[in-house]
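*Asks:* One structure follows; several queries about it will come next.
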Amino acid sequence: MLMANVRPGEYPLWGATYLRWWLYGKIMALSPAGLLTGSPFLPPFLRLLGAKVGRNCHFASGAISMPMFVEIEDDVSIGYGVQVLPYAVQDGRLHIAPIHIGRDTFIGTNSIIEGGAKIGSGVAILEQSLVHADQVIPDNEAWGGSPIKRQETVRSLLTILASTVDKRPWPFSILVGFFFGIIFVMLLPTLMVLPSVLLISLVALRAGTDHAKGEARHLLSAHQLWLAQVDL
């Protein structure tokens with residue numbers, strides 16, 4: 431809802447749209463995207479946030495910012511530490527531009543994709559690469575580096591991996607394991623502090639009970655003394 435009606439373009443720093451974008455980023459930092467990384471649940475989660483994500487995609491990184499401005503086609507693989515950034519803050523302006531990644535594309539580890547980039551189908555982006563803002567990469571090519579440039583050859587390992595894509599569906603047992611594993615990891619911080627909270631609560635309760643008993647005895651003694659004075 432914070433980003434409703436926000437369109438690609440430029441917005442002034444500290445304006446209403448900028449503040450909405452800033453608050454959206456702070457809220458998304460609390461999302462479970464990091465826990466879903468590498469699991470079959472991350473693509474559906476990104477779809478819920480507005481991203482257009484195709485089938486059979488695998489994301490080893492959850493750093494996909496502003497998903498409503500990201501379109502990823504079928505059979506895309508995103509490596510560890512990849513950042514997909516459809517925005518930039520430059521020259522006192524917030525720049526927002528959509529990102530498109532074509533089908534059967536591989537994005538190497540620790541690469542960065544900036545706003546406005548259009549990556550074709552069957553593309554290999556090598557590790558540690560920077561796809562610049564508004565960069566257009568044609569189909570079936572390998573690019574890498576920073577500044578990024580076309581690669582004449584691709585390592586044989588990437589060719590082997592690209593030609594042996596496993597498109598089998600996730601087994602139900604694996605999905606169940608992922609689900610309960612994610613729930614456990616989310617609850618783990620609470621479970622770690624729970625014994626301490628219970629112990630402190632028990633001590634405080636007992637201390638409070640003993641204090642209440644002492645106050646009751648004090649009031650009873652004062653009442654008995656008052657009755658004795660009345661009798662006199």
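Residue numbers for the sequence shown follow our numbering, so the first one is 431 and each next one is one higher.
Idealized CB from N, CA, C, for every residue including glycine.
Go ahead and label Ala459 buried or exposed: buried means 16 or more other beta carbons lie within 10 angstroms of its beta carbon, across all protein chains shown.
*Replies:* For the purposes of this step, residue 459 is identified with residue 29 of the sequence shown, where counting begins at 1. Answer is exposed; the Cβ neighbour count stays below 16.
*Asks:* Taking C-alpha atoms, which residue in Ile543, Gly538, Ile612, Pro625 lies nearest to His488?
*Replies:* What you label residue 488 is simply residue 58 of the sequence shown in a count that begins at 1. Among Ile543, Gly538, Ile612, Pro625, the Cα nearest to that of His488 belongs to Gly538.
*Asks:* Give the single residue among Glu440, Gly511, Thr447, His525 whose Cα lies nearest to the Cα of Thr467.
*Replies:* As a position in the sequence shown, residue 467 is number 37, starting the count at 1. Closest by alpha carbon: Gly511.
*Asks:* Return the CA-CA distance between Glu582 and Val615, expressed in angstroms with no decimal places.
*Replies:* Sequence index remark: in the sequence shown, residue 582 carries index 152 (1-based). Sequence index remark: in the sequence shown, residue 615 carries index 185 (1-based). So the alpha carbons of these two residues sit roughly 44 angstroms apart.
*Asks:* Under the three-state reduction of DSSP, which class applies to Gly575: helix, strand or coil?
*Replies:* On the sequence shown, residue 575 is found 145 positions in, with the first residue counted as 1. Coil at Gly575, not helix or strand.
*Asks:* Does the beta-carbon of Ala547 have 16 or more other beta-carbons within 10 angstroms, so that it is buried, or is it exposed?
*Replies:* Stepping through the sequence shown from its first residue, residue 547 is reached at position 117. Classification of Ala547: buried, given that the 10 Å Cβ count is 16 or more.
*Asks:* Quick one: using the 10 Å Cβ neighbour count with 16 as the cut-off for buried, is Asp505 buried or exposed?
*Replies:* The residue given as residue 505 occupies position 75 in the sequence shown. Answer is buried; the Cβ neighbour count reaches 16.
*Asks:* For His653, name the three-state secondary structure that DSSP assigns.
*Replies:* The count along the sequence shown starts at 1 and reaches residue 653 at position 223. Reliability of the predicted coordinates at His653 is poor, the pLDDT of 47 falling under 50, and the value obtained from them is presented with this limitation in mind. Helix.
*Asks:* Might you give, ordered along the chain, the residues of its own chain that have their beta carbon closer than 8 angstroms to the beta carbon of Leu462, omitting 5 neighbours on each side?
*Replies:* Taking the first residue of the sequence shown as 1, we reach residue 462 at position 32. Note that residue 462 is Pro in the sequence shown here, rather than Leu. Hits under 8 angstroms: Phe475, Ile612, Met616.
*Asks:* In three-state terms, what does DSSP make of Arg523?
*Replies:* One-based indexing of the sequence shown puts residue 523 at position 93. Strand at Arg523.
*Asks:* Give every residue of the same chain whose Cβ lies closer than 6 angstroms to the Cβ of Ala493, excluding the five residues on either side of it in the sequence, and list them in chain order.
*Replies:* For the purposes of this step, residue 493 is taken as the residue at position 63 of the sequence shown. Same-chain partners within the cutoff: Gln513.
*Asks:* Excluding the 5 residues flanking Asn540 on each side, which residues of the same chain have their C-beta closer than 8 angstroms to its C-beta?
*Replies:* Taking the sequence shown and counting its residues from 1, one reaches residue 540 at position 110. Only Gly509, Tyr510, Gly511, Val512, Glu557, Gln558 meet the Cβ criterion.
*Asks:* Would you decide whether Gly522 is buried or exposed? Buried here means 16 or more other CB atoms lie within 10 Å of its CB.
*Replies:* Within the sequence shown, the letter at position 92 stands for residue 522. Exposed, by the Cβ-count rule.
*Asks:* How about Pro568 and Gly545: do their beta carbons lie closer than 7 angstroms?
*Replies:* In the sequence shown, the residue the question calls residue 568 occupies position 138. In the sequence shown, the residue the question calls residue 545 occupies position 115. No.
*Asks:* Whose C-alpha, out of Leu478, Gly464, Leu524, Ser491, is nearest the C-alpha of Val436?
*Replies:* One-based indexing of the sequence shown puts residue 436 at position 6. Answer by Cα proximity: Leu524.
*Asks:* Quick one: what does DSSP say Tyr448 is sitting in, helix, strand or coil?
*Replies:* Your numbering for residue 448 matches position 18 in the sequence shown. Tyr448 falls in the helix class under three-state DSSP.
*Asks:* Residues in its own chain within less than 6 angstroms of Tyr454 by CB, not counting five upstream and five downstream?
*Replies:* Position 24 of the sequence shown, counting from 1, holds the residue named residue 454. The residues are Leu432, Met433.
*Asks:* Helix or strand or just coil, what does DSSP make of Phe471?
*Replies:* Indexing the sequence shown from 1 puts residue 471 at position 41. In the structure shown, Phe471 sits in coil (DSSP, three-state: anything other than H, G, I, E or B).
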